[in-house]
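Asks:
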Amino acid sequence: MNGHATRVGTGANTPFHTATSRPLVLLHPSTQTRVSLHVPSTPQEWIAAEVARDTFQDWLHAEEKSGNLVGFEAAEIEEDDVRRDGVDEQQLVLSAYFLAHVAGLLPFPATATSPATAAVLLAAYNFFSSSYLSHTDVHSLGASLSAPVRTLVISSYFLARSKLETAGRAKDLPKQAAPALLQKVSKGQAELYALFGGQGMNEVYFDELQSLYDLYTPLLLPFLTRASEHLVALATAESSTLLYSHSLDALSWLQDPSTRPEVPYLASCAVSLPLIGLTQLAQYVVYGKGSSLGPAELGAQFKGATGHSQGVVSALVIARDYPAAKGDGSDAWEPFYEQALRGLSVLFQIGLQGTLAFPPLAISPALQASSVENGEGVPTAMLAVTGLELKTLEKKIAEVNSHVVAEGRDESVQVSLYNGPKAFVVTGNPKDLVGLADGLRKIRAPVGKDQSKVPHSKRLPVFSMRFLAINVPYHSHLLAGATEKALAALADADGSFWQPSSLQCAVYNTEDGSDMRTVSASSLLESVFTQIFTSPIYWASKATNFPASATHAIDFGTGGASGIGSLCMRNWEGRGIRTVMLGNRATGVGAGKEAWNATAVPFENKWDDKFHPRLVRTSDGKVHLDTPFSRLLSKPPLMVGGMTPTTVKAGFVSAVLKAGYHVELAGGGHYNEKAVRAKVAEIQKLVNQPGIGLTLNCLYINQRQWTFQNPLWQQMKKEGEPIEGLCVAAGIPSTEKAKEIIDGLRDAGIKHVSFKPGSVDGIRQVVNIAAANPDFPIILQWTGGRAGGHHSCEDFHAPILATYASIRQQANIRLVAGSGFGDAKGCYPYLSGEWSEQQYGVARMPFDGFMFASWVMVAKEAHTSESVKQLIVDAPGVDDDKWEATYDKPTGGILTVNSELGEPIHKVATRGVKLWAEFDKKVFSLPKEKQVAWLADNKQYVIDRLNADFQKPWFPAKADGAACDLAEMTYAEVNARLVRLMYVAHEKRWIDPSLRNLTGDWIRRVEERLSNVNDSNVKVSVLQSYSELNEPEAFLQKFLEAFPAAKDQILASADVAYFLAISQRPGQKPVPFIPVLDASFGIWFKKDSLWQAEDIEAVFDQDPQRVCILQGPVAVKHCTSTQIPIATMLGDIQDELIQRVLADYYGGDASKVPEIDYLAPAPAPVDAAAFAEAHNVAHAVEDLADGAQKHVFTINGVLPPTGEWLAALAGPKLGWLQAFLSNVSIQAGETSIPNPVKRVLAPRHGQRVELTLRADGQPLKLDVFAAIQ
């Protein structure tokens, strides 16, 4: 029994007892963990086994009593929790301890009992391998274990293997599969590079070396012994410098950690440089020996190598052309050890000469305290600055250097390490770097400061600074002369080993990225010293700018998960290079286990390859742009976004749909269910193409609208309306709320949902929503701050640069770019992804489609008034880098003002909008109580400006037109003014029926005020029906005849209050005038301010300069005509994009464009045979004439999942059967209904299906027999 007296601990693959073996039982008494392994039964070997077991049990008892055991703590938790991937961790621990114990019993040199002990060790090793490593490797096994247990397992495994190899039993060991990564490399299916870090891990590198030693002692001991002796000799020779007071005896420190010097000594450059190199080369030796490869065989796997700063020396060591392993049992790594010692000599000189050239400088306590208190650490000669633009950093450096020059010092500060687009290391005198840090601190945004309402270019930068524990300014002019001294210190004989011709793979220069095999024979070492002492590092753009064919890079340290590999991982996002950090022995992306795994090789996506635009030709012969967005829509990847008022009107929405493009119906113009249903019916009638799907743009921020439109939209889909999608606009819901929304959409049969984030945080929230709903398509619409209408303060590019990687991790996201687009030339860099490569030097980041909004306001079918369209066309617009000026002044004809929601909004800079901007600054920026006072002080100015420039004039006016207050008007003047401002006389219509009714309500009130009560106390109204107001001039004349006193009687105060109340009551269209200057002036002024752009005839004097016109500052430059149909506007862009994709990706050869039946999402790959086997479905294949086949599926026993069953029948290709079985809904006349085929063909017991396929795999017919209900 085992564990809690319920488990049998015989191991996963322990062989049955035979005549030649006997079971040996191991026991951990406290947990009752048992392991039974079979050992040879011959007398000598059995005795050796019993001795091993007994001494092990004694040792186990003693160690447990001393509290030194690890891995048995899980005894108190449930049984399932101590198992990892089917492995009982306590049994694993017990087996590993025994493996190490028996290995320790095997003496060297051999004795008479050694063969028997070796046989027991081999049995234990075989048991361990078969039980725990039959489907994995020891590093993958250890990755999920705690660090102490991982160390135990890995060290025990390699100790036992090494002892068996030394004992001559190597041929008896289980065959070890080569790492799958190296297998891929050998087959040409992967291209591998080596990375070596620099001194950034100065303070912790020795812990990494200690870990290597603890894990792989037998693999490393020969190398570490020689290396330590060599380093001790070098240190002794330079003892006069006083830099090596504790010598460099690394092996002694490893064997007895209590003798290890303190961190300051180990972190000093004179000491750390050679020891970091030793750690890196030890890591390389471990990987080679652990993979059973010699240095020649391992080195041949690498296409190239490079190193960050001092790491280039290690790269040169591993790149050398070494002799092949002999296979005679000798250590194939001996030649490597020799070259490694020379590498350590070079690193020793770099540390020594650098320190001598720049001895430690005293820093005042005050300066030190300032840096430490601000989180930058103790000042040194190297300051890392991360997150800041280079031009800003260089400006501050210039300020510091001006002070340095003024002091007469030749110690200028400089950027020496260009680690990434916003990752730099500055070198210089520590006190100067303190001054730099102090200056940078003054321009940095305070921690946690919300800058979302600040224009992107005006925001304080967010960045971090920290001093590196490196007291020597490597890569700077301050070490001039060190190269010559280092070269002189190395003997000519030693230098002769550093020949470019001896390198078997490329080693990349860290300054210019050149292949160091091309330097002259006499200058290789000089090049190395120069690169490290005085040359800057261009890490991302030069040193690691590997060929496009690169797929993997192994980081040999130091630093583990925090080393140079993590920096490369960020720099290489989207380039398709997987970084494996060998020193990270835990889990996570790029963990070291990936280099050892014998079965799986993770690859990184190359964004350009995966997401670049493609073309397809459908069965009708038409060529389409092929992107994830076009596949989802089954339409071109160009859409018109929801926008009030433009996409409120059925005429324009139907025009876009008839042209074949996706458009969002703006929900903002629909205030009740009746309006929504009427609009959908009107659009269907105009389009007259059953099945054309509609998408609603619904404002999440407007909960009154949201709470009726979202459920209504779902209900209409269930009723058979052609509903396709929903856009959740103006706000991003929580992940939980979004799931609730998406579940409702899915249940209703709606195909997709869109979100419009306005910031990095918003994008990340959409990514979270997508991750929580991986089976539902999500359209992420990104516009940035340059969008027309409401816009954020964000740059268009920066948020995408920061989030593209996370966006592309979710396969269900379609990324759509909006704002500023209006021609194919502007769209194409974003479709191809060239924008990020050309402007920012990073991997290409293609978008999946484009959204147009304010640009289409000038389309021929748009309801924008013609004079308003002309104002849009007349606005010149600006390029992307100038649009932020709209916050301060009209720019390109566009101005930013604050909407009634308090959000920035782009509008054409008409006189009315300029007045709006003026009031934003003078009035609306004041507290409410001060606004009223300002309005009172400037009353006449405000009234004059409203009447002269704004679409909502001042209401109170006398019959002669003179402005007054409402209380100064007569009842007749109010009646006439209402008709003048709300009735479009020359078109004989009211602006809105609700405004006619408002006028009627007021007239009834006036009647009550002016009427004489007759004898029967019954008041007779002149206004018998509101329809009489359809001819308001005639009615007003009639009214005055009935109530002549209205001409002279001034409004009662109660009627003034009544008038103001009905003018702002909910449920009616807001009045198009301003009746009073009160605390609600902002509402009177800003509310309902957009419709006039589509109804200029209703404006006071039809002056388009009065109205508010939504428009983007970049998009408007593409508005050149008012007479181009929307089909032509979008079609021209589509056609040109197709031609550019054809030229760039198909060499201009249309015959290379692949053909598909129709445009739709590509089906998931299906292995029908594997599916049938997995679900116990009988599957037979019958060959037919002309290469056709008949696949017969018969359901037996358990029913397979419906989705998988239909997918298996539909097959992996787009075609009639795929459409027949996969569509969520089908069109029945004018009604959309749930696809009944899914129910009819759902799996049932006894069902038999015969699928006949043509020779090319396309389905001919599907026959279903029995079990149909």
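Following the numbering used here, the numbering of the sequence shown begins with 179 at its first residue and continues without gaps.
Don't be surprised by glycine CBs; every beta carbon is placed ideally from N, CA and C.
What span of residues does the beta strand (DSSP E) with F374 cover, start to end?
Replies: Translated into the one-based positions of the sequence shown, residue 374 becomes position 196. 370 to 374 is the extent of the beta strand (DSSP E) around F374.
Asks: Does the Cβ of Q1289 have 16 or more other Cβ atoms within 10 Å, making it buried, or fewer, making it exposed?
Replies: As a working note, residue 1289 is residue 1111 in the sequence shown. Buried is the call here.
Asks: Tell me which same chain residues have a C-beta within less than 8 Å of the C-beta of G1090, skipping the five on either side of it?
Replies: Mapped onto the sequence shown, residue 1090 falls at position 912. Closer than 8 Å at the Cβ level, and outside the excluded window around G1090, lie D1127, F1128, Q1129, Q1283, R1284, V1285, C1286.
Asks: Determine the contact status of T533 and T403, defining contact as a CB-CB distance below 9 Å.
Replies: Taking the sequence shown and counting its residues from 1, the one referred to as residue 533 is at position 355. Taking the sequence shown and counting its residues from 1, the one referred to as residue 403 is at position 225. No, they are not a contact pair.
Asks: What do you get for V865, buried or exposed, if any count of 16 or more other CB atoms within 10 angstroms of its CB means buried?
Replies: Against the sequence shown, residue 865 aligns to sequence position 687. It is buried - the Cβ of V865 has at least 16 other Cβ atoms within 10 Å.
Asks: Whole angstroms are fine: how far does the CA of L1320 sit from the CA of L1440?
Replies: Translated into positions along the sequence shown, residue 1440 becomes position 1262. Translated into positions along the sequence shown, residue 1320 becomes position 1142. Taking the straight line from one Cα to the other gives about 37 Å.
Asks: Buried or exposed: where does E1449 fall if 16 or more other Cβ atoms within 10 Å of its Cβ makes it buried?
Replies: In the structure displayed, the chain extends from 179 to 1447; residue 1449 sits before or after that span and is not available.
Asks: Looking at C-alpha atoms only, which residue of R200, S273, Q1405 is the closest neighbour of Q235?
Replies: As a position in the sequence shown, residue 235 is number 57, starting the count at 1. Cα-wise, what sits closest to Q235 is S273.
Asks: Contact check, L1229 vs Y1149 under 8 Å by CB: the rounded distance?
Replies: The residue you call residue 1229 lines up with position 1051 of the sequence shown. The residue you call residue 1149 lines up with position 971 of the sequence shown. Right, their Cβ atoms sit about 7 Å apart.
Asks: By a C-beta neighbour count over all protein chains shown, 10 Å radius and 16 as the cutoff for buried, is P900 buried or exposed?
Replies: By one-based count along the sequence shown, residue 900 stands at place 722. The residue is buried, with at least 16 neighbouring Cβ atoms inside 10 Å.
Asks: Do G489 and A684 have their CB atoms nearer than 9 Å?
Replies: By 1-based counting over the sequence shown, the position of residue 489 is 311. By 1-based counting over the sequence shown, the position of residue 684 is 506. It is not a contact, given that the beta carbons lie outside the stated cut-off.
Asks: Check this for me: beta carbons of F1030 and G845, under 9 Å apart or not?
Replies: Position 852 of the sequence shown, counted from the start, is the residue given in the question as residue 1030. Position 667 of the sequence shown, counted from the start, is the residue given in the question as residue 845. No, the Cβ-Cβ distance between F1030 and G845 is not below 9 Å.
Asks: Is it buried or exposed, D733, if we count other Cβ atoms within 10 angstroms and call 16 or more buried?
Replies: Locating residue 733 in the sequence shown gives position 555, counting from the first residue. Classification for D733: buried.
Asks: In terms of residue numbering, what span does the beta strand (DSSP E) encompassing G996 cover?
Replies: Here residue 996 is taken as the residue at index 818 of the sequence shown, counted from 1. 991 to 996 is the span of the beta strand (DSSP E), which, as asked, contains G996.
Asks: Report the rounded CA-to-CA distance for G521 versus P714, giving the unit in angstroms.
Replies: As a working mapping, residue 521 is identified with position 343 in the sequence shown. As a working mapping, residue 714 is identified with position 536 in the sequence shown. Going by the C-alpha atoms only, they are around 21 Å apart.
Asks: So G871 and Q1405 are in contact, right, with Cβ under 8 Å, and what is the actual spacing, rounded?
Replies: As a first step, residue 871 is located in the sequence shown; it is residue number 693 there, counting from the start. As a first step, residue 1405 is located in the sequence shown; it is residue number 1227 there, counting from the start. In fact, because the Cβ distance is near 10 Å, the residues do not count as touching under 8 Å.
Asks: Identify every residue that forms a DSSP beta bridge with T1069.
Replies: The residue labelled residue 1069 in the question sits at position 891 within the sequence shown. In the DSSP output, where bridge partners are listed per residue, T1069 has I1072.
Asks: List the endpoints of the continuous alpha helix (DSSP H) containing D1115.
Replies: Position 937 of the sequence shown holds residue 1115. That run of the alpha helix (DSSP H) goes 1106 to 1115.
Asks: Distance, Cα to Cα, S309 vs W224?
Replies: By one-based count along the sequence shown, residue 309 stands at place 131. By one-based count along the sequence shown, residue 224 stands at place 46. Each residue's alpha carbon lies about 21 Å from the other.
Asks: Between the beta-carbon of G598 and the beta-carbon of P651, is there less than 9 Å?
Replies: Counted from its first residue, the sequence shown places residue 598 at position 420. Counted from its first residue, the sequence shown places residue 651 at position 473. No. Outside cutoff.
Asks: What residue from G936, L1431, V248 has the CA that sits closest to G1389's CA?
Replies: Translated into positions along the sequence shown, residue 1389 becomes position 1211. Among G936, L1431, V248, the Cα nearest to that of G1389 belongs to L1431.
Asks: What is the residue span of the alpha helix (DSSP H) that N1153 lies within?
Replies: Along the sequence shown, one-based indexing puts residue 1153 at 975. Where N1153 is concerned, the enclosing alpha helix (DSSP H) stretches over 1149 to 1160.
Asks: Count the other CB atoms within 10 Å of the CB of D380; is the residue buried (16 or more) or exposed (fewer)?
Replies: As a first step, residue 380 is located in the sequence shown; it is residue number 202 there, counting from the start. In the sequence under discussion, the amino acid at residue 380 is Asn, which differs from the Asp named in the question. It is buried - the Cβ of N380 has at least 16 other Cβ atoms within 10 Å.
Asks: Along the alpha helix (DSSP H) that carries M1307, what are the first and last residues, could you check?
Replies: Taking the sequence shown and counting its residues from 1, the one referred to as residue 1307 is at position 1129. Per DSSP, M1307 belongs to the alpha helix (DSSP H) from 1304 to 1323.
Asks: What is the rounded straight-line gap between the Cα of A976 and the Cα of Q1017?
Replies: Residue 976 sits at position 798 when you count from the first residue of the sequence shown. Residue 1017 sits at position 839 when you count from the first residue of the sequence shown. Cα to Cα, the separation comes out at about 11 Å.
Asks: Under DSSP, the beta strand (DSSP E) around Q1367 begins and ends at which residues?
Replies: Against the sequence shown, residue 1367 aligns to sequence position 1189. 1367 to 1373 is the span of the beta strand (DSSP E), which, as asked, contains Q1367.
Asks: How should S1014 be labelled, buried or exposed, when 16 other C-beta atoms within 10 angstroms of its C-beta is the threshold for buried?
Replies: Residue mapping note: residue 1014 aligns to position 836 of the sequence shown, counting from 1. So S1014 ends up on the buried side.
Asks: State buried or exposed for F781, treating a residue as buried only when at least 16 other CB atoms are found within 10 Å of its CB.
Replies: In the sequence shown, counting from the first residue as 1, residue 781 sits at position 603. So F781 ends up on the exposed side.
Asks: V1402 to P1412, Cα distance in whole Å?
Replies: Counting from 1 along the sequence shown, the entry for residue 1402 is found at position 1224. Counting from 1 along the sequence shown, the entry for residue 1412 is found at position 1234. Each residue's alpha carbon lies about 6 Å from the other.
Asks: Could you give the residue range of the alpha helix (DSSP H) that holds C683?
Replies: The count along the sequence shown starts at 1 and reaches residue 683 at position 505. First-last for C683: undefined, no H or E at that position.
Asks: Classify E1185 as helix, strand or coil using the three-state DSSP reduction.
Replies: Walking along the sequence shown from the start, residue 1185 turns up at place 1007. Reduced to three states, the DSSP call for E1185 is helix.
Asks: Per DSSP, what kind of secondary structure is Q959 in: helix, strand or coil?
Replies: Here residue 959 refers to the residue found at position 781 when the sequence shown is read from its first residue. Correct three-state label for Q959: strand.
Asks: Assuming T1042 contacts E1272 under a Cβ cut-off of 8 Å, what Cβ separation, rounded to an integer in Å, is found between them?
Replies: For the purposes of this step, residue 1042 is identified with residue 864 of the sequence shown, where counting begins at 1. For the purposes of this step, residue 1272 is identified with residue 1094 of the sequence shown, where counting begins at 1. 6 Å between Cβ atoms; contact.
Asks: Determine whether the beta carbon atoms of A302 and A345 lie at a separation below 9 Å.
Replies: Here residue 302 refers to the residue found at position 124 when the sequence shown is read from its first residue. Here residue 345 refers to the residue found at position 167 when the sequence shown is read from its first residue. Not in contact: A302 and A345 (Cβ atoms no closer than 9 Å).
Asks: Going by alpha carbons, who is nearest to P201 out of P285, L284, T1088, V298?
Replies: Here residue 201 corresponds to residue number 23 of the sequence shown, with the count starting at 1. Out of P285, L284, T1088, V298, V298 has the C-alpha closest to the C-alpha of P201.
Asks: For the alpha helix (DSSP H) containing Q892, list its first residue and its last residue.
Replies: Position 714 of the sequence shown, counted from the start, is the residue given in the question as residue 892. Residues 881 to 896.
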